[in-house]
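In what follows, a structure is listed as structure tokens, so that the remarks can point back to it.
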Amino acid sequence: MRPETGTDQMLELVLGLPDQLERGADLARAVALGRRRRVDSVLVAGMGGSGIGGRIARGLLLDSCPVPFQVCSDYHLPAVAGRKSLVVVVSFSGNTEETLSAYGQAHRRGCSMVAITGGGELGRLAARHGVPVVTVPGGMPPRAALGYLFSALLVTLEQLGICTSQQSGLKEAVRLMRRQRRSWHSRARTIARQLKGSLPMVYSTSRMLDPVADRWRCQLNENSGVLCHTNALPEHNHNEIVGMGRPARVGRLGVVIALLDRETDPRTRFRLKAMLDITLGAYRSAVLFDTEGRSRLARVFSLVMLGDLVSVELARLLNKDAMEIGRINRLKETMAGRKR
Ligand code: F6R
Numbered sequence: 000m001r002p003e004t005g006t007d008q009m010l011e012l013v014l015g016l017p018d019q020l021e022r023g024a025d026l027a028r029a030v031a032l033g034r035r036r037r038v039d040s041v042l043v044a045g046m047g048g049s050g051i052g053g054r055i056a057r058g059l060l061l062d063s064c065p066v067p068f069q070v071c072s073d074y075h076l077p078a079v080a081g082r083k084s085l086v087v088v089v090s091f092s093g094n095t096e097e098t099l100s101a102y103g104q105a106h107r108r109g110c111s112m113v114a115i116t117g118g119g120e121l122g123r124l125a126a127r128h129g130v131p132v133v134t135v136p137g138g139m140p141p142r143a144a145l146g147y148l149f150s151a152l153l154v155t156l157e158q159l160g161i162c163t164s165q166q167s168g169l170k171e172a173v174r175l176m177r178r179q180r181r182s183w184h185s186r187a188r189t190i191a192r193q194l195k196g197s198l199p200m201v202y203s204t205s206r207m208l209d210p211v212a213d214r215w216r217c218q219l220n221e222n223s224g225v226l227c228h229t230n231a232l233p234e235h236n237h238n239e240i241v242g243m244g245r246p247a248r249v250g251r252l253g254v255v256i257a258l259l260d261r262e263t264d265p266r267t268r269f270r271l272k273a274m275l276d277i278t279l280g281a282y283r284s285a286v287l288f289d290t291e292g293r294s295r296l297a298r299v300f301s302l303v304m305l306g307d308l309v310s311v312e313l314a315r316l317l318n319k320d321a322m323e324i325g326r327i328n329r330l331k332e333t334m335a336g337r338k339r
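For the sequence shown, counting from 1, position 210 maps to 209 in numbering that gives the first Met the number 0; every step adds exactly one.
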């Protein structure tokens, strides 16, 4: 059956996340990356829905990556990007000006480069400069292409020796999502009802989950069209805990969503509970979600998919077309009309 509304289309795309993960990995494996010099740093340049895959990969590899790994979501690359850096430039449309600016800098500085894109100007520049390109399928909004963009990036890093094989984690993530997606979808409907008319406050509790909280925020922003706040524990306990619930009007709207994993430090788990007790009355309600699955990759994607589903179901409750991001498009048009 063809999806009837934009929100139904987005739901289909979210439910297709495991299929995208598989396909994106295959696409990256088919690209000849050539012989490369050793690199002493990795940078992923990308904005919004194209940058988040880099953040998720960074969170996953933080504990094992032998070289510093940064994500750059800006016009300018940090000074560390040089001849010994690998810069992976990711833009689904291939036309995002900040990402193209970062591409230009990486090219001028002689960085080792790979592009991941659906085409556009980035595709053209990379072809002209002989930069290897992983071309992902088009026809969807960038944020809905996370599966392609993320696995293409991860497999590219694997091929270049930046990380060990991620095959078994990818396979497990795909199996888990296929098995659980319907039950997560029904849980997402319940959570969406709880979030209607609220200010979602998504707290991560391990560095691997920080980008997952970011993904929840971005999807709630773009798909559901609502504001969302994120922070990370334990740092939160040293500042935000004091501000919670003030002004009171904002506090009454707050629904805390805490993301937990088996790697969450037991002290952080305890802190979360203690913090929720101490700040009782400073938020409307709180829900705690633990990752599912064995591998880190599967665990991360269990909560990524749940968040994506929540954002679609909240869009439905709010009568917001989950595909519509008019303000982003208008701003891009305005920027395109204003030359530097
Ligand atoms: C739209 C979306 C945006 C874009 C961002 C960058 O679905 O998620 O956050 O990802 O504006 O555009 P691209 O991804 O084309 O480089």
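Cβ atoms here follow ideal geometry from the backbone N, Cα and C, with glycine treated the same way.
Asked: Contact between the region 176-193 and the region 264-277 (3+ Cβ pairs under 8 Å); Found: no
Asked: Buried or exposed (CB count within 10 angstroms, at least 16 for buried), residue 195; Found: exposed
Asked: DSSP three-state assignment for residue 40, whether helix, strand or coil; Found: strand
Asked: Contact check, residue 208 vs residue 258, beta carbons under 8 Å; Found: yes
Asked: Under 8 Å between C-beta atoms of residue 250 and residue 144; Found: no
Asked: Residue 95, buried or exposed, once every other Cβ within 10 Å from all chains shown has been counted against 16; Found: buried
Asked: Residue 283 versus 254, 290 and 266, residue with shortest Cα-Cα distance; Found: 254
Asked: Coarse secondary structure for residue 15, derived from DSSP in three states; Found: coil
Asked: Residues with C-beta closer than 5 Å to any heavy atom of the ligand F6R, in chain order; Found: 46, 47, 48, 49, 90, 91, 92, 95, 140, 141 and 142
Asked: C-alpha gap between residue 291 and residue 108, whole angstroms; Found: 42 Å
Asked: Buried or exposed by the 16-neighbour rule on C-beta atoms within 10 Å, applied to residue 19; Found: buried
Asked: Spatial distance of residue 356 from residue 288 (CA atoms); Found: The shown model of the chain, from 0 to 339, leaves out residue 356, and the question about it has no answer.
Asked: Cβ-Cβ separation, residue 13 to residue 52 (assumed contact under 8 Å), whole Å; Found: Between residue 13 and residue 52 the Cβ distance is about 15 Å, and since that is not below 8 Å, they are no contact.
Asked: Closest Cα partner of residue 103 within the set 310, 315, 83 and 74; Found: 74
Asked: Helix, strand or coil at residue 134 according to DSSP, with G and I counted as helix; Found: strand
Asked: Integer-rounded CB distance, given that residue 46 should sit under 8 Å from residue 86; Found: Not quite, the Cβ-Cβ distance comes to about 15 Å (not below 8 Å), so this is no contact.
Asked: Span separating the alpha-carbon of residue 7 from that of residue 60; Found: 34 Å
Asked: Where residue 276 falls: helix, strand or coil (DSSP); Found: helix
Asked: Residues near residue 158 in its chain [Cβ-Cβ closer than 6 Å; skip 5 each side]; Found: 32
Asked: Cβ neighbour criterion (16 or more within 10 Å) applied to residue 333; Found: exposed
Asked: Residue 302 to residue 256 span [Cα, whole Å]; Found: 11 Å
Asked: DSSP three-state assignment for residue 285, whether helix, strand or coil; Found: strand
Asked: Contacts around residue 316, its chain only, beta-carbon distance under 6 Å, and the 5 residues preceding and following it disregarded; Found: 191 and 195
Asked: Per DSSP, cross-strand counterpart(s) of residue 198; Found: 253
Asked: Identified DSSP bridge partners for residue 85; Found: 41 and 111
Asked: Element boundaries [beta strand (DSSP E), containing residue 230]; Found: 228-231
Asked: Unbroken beta strand (DSSP E) run spanning residue 68, endpoints; Found: 68-71
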